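In our numbering, the protein residues as written are 20 to 246.
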């Protein structure tokens with residue numbers, strides 16, 4: 020079964036997805052890592068999307084990146100190795116954070132990442148998290164979850180992960196990210212059809228994981244026609 024967990028930044032999807040994957044010992048596919056990877060690679064090469072004269076040039080750039088990328092999916096998370104070097108803090112830098120929404124909104128980028136994600140998911144059960152997992156990448160997933168939370172709560176969560184900037188900047192970035200994600204022309208952030216919405220504002224990670232576990236049990240039971 021493929022389980023998708025979507026939601027805005029700071030809604031808890033990454034933390035919840037990791038906790039759930041670890042508890043169930045199911046590989047975790049984190050879509051955001053791939054958009055951050057492309058953003059990081061652009062910055063490393065002193066390029067932006069506007070520097071490509073033709074889409075075919077951008078496509079070749081991404082294909083070249085992916086050809087040198089090793090992806091390891093584990094219950095602990097998605098690990099990316101570029102030319103044998105594991106990328107971790109590089110993908111969470113302030114520079115990447117500031118550009119990733121713009122990069123991830125590009126139709127070609129989304130298409131290339133989506134294709135790679137589907138390829139990685141072939142013939143296996145996994146948990147996926149992102150912003151369009153249940154709407155675009157895996158619309159036929161066995162269980163689709165959509166997490167939400169109040170903006171201030173989301174900002175506090177994100178602030179814990181990015182201590183190199185002040186709280187007001189985090190709130191501003193989240194508002195901007197919400198607008199960009201929900202209003203982009205390609206694969207805008209929205210609740211997937213058939214998804215179960217969970218407001219995580221006043222819930223602990225364990226409580227959210229428990230709710231999803233129950234939903235998984237119900238879904239598996241209905242598939243097997245339990246009585």
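Glycine included, C-beta positions come from ideal geometry on N, C-alpha and C. In this text, all values refer to a predicted model and were calculated from it rather than measured experimentally.
Close beta carbons around residue i, own chain, < 6 Å, minus the five adjacent residues each side
i: residue 245; result: Residue placement at residue 245 is flagged as unreliable, the pLDDT there being 49, under the threshold of 50; a coordinate-derived value is accordingly withheld.
i: residue 38; result: 224 and 228
i: residue 84; result: 60
Status (buried if at least 16 other CB within 10 Å, exposed otherwise) for residue i
i: residue 240; result: exposed
i: residue 213; result: exposed
i: residue 146; result: buried
i: residue 151; result: buried
i: residue 116; result: buried
i: residue 185; result: exposed
Cβ distance (whole Å) where residue i is taken to contact residue j below 8 Å
i: residue 28; j: residue 162; result: Incorrect: roughly 22 Å between the Cβ atoms, too far for contact.
i: residue 160; j: residue 97; result: With a Cβ gap of about 17 Å, residue 160 and residue 97 do not count as contacting.
i: residue 43; j: residue 36; result: With a Cβ gap of about 11 Å, residue 43 and residue 36 do not count as contacting.
i: residue 248; j: residue 50; result: Nothing in the structure corresponds to residue 248, since the chain is present only between 20 and 246.
C-beta neighbour in chain B for residue i, strict 9 Å
i: residue 122; result: Reference to chain B is not applicable here, since this structure consists of a single protein chain.
Contacting residues, own chain, Cβ-Cβ under 7 Å from residue i (five flanking each side not counted)
i: residue 26; result: 32, 165, 166 and 167
i: residue 133; result: 155 and 156
Ranges of the beta strand (DSSP E) found wholly within the region 142-192, counting only runs of at least 3: Those beta strand (DSSP E) runs which fall completely within the region 142-192 and span 3+ residues are 145-149 and 162-167.
Would you call the region 194-207 in contact with the region 122-132, where contact means no fewer than 3 C-beta pairs closer than 8 Å? Output reads yes: the region 122-132 touches the region 194-207.
Do the region 179-188 and the region 91-108 touch if we need at least three Cβ pairs shorter than 8 Å? Verdict: no, contact absent.
Alpha helix (DSSP H) runs contained entirely in the region 40-85, provided each spans 4 or more residues: If only uninterrupted alpha helix (DSSP H) runs of at least 4 residues are considered, those enclosed by the region 40-85 are 51-63.
In chain order, each beta strand (DSSP E) run of at least 3 residues that lies wholly inside the region 82-108: Counting only runs of 3 or more, we get 88-93, 96-101 and 104-106.
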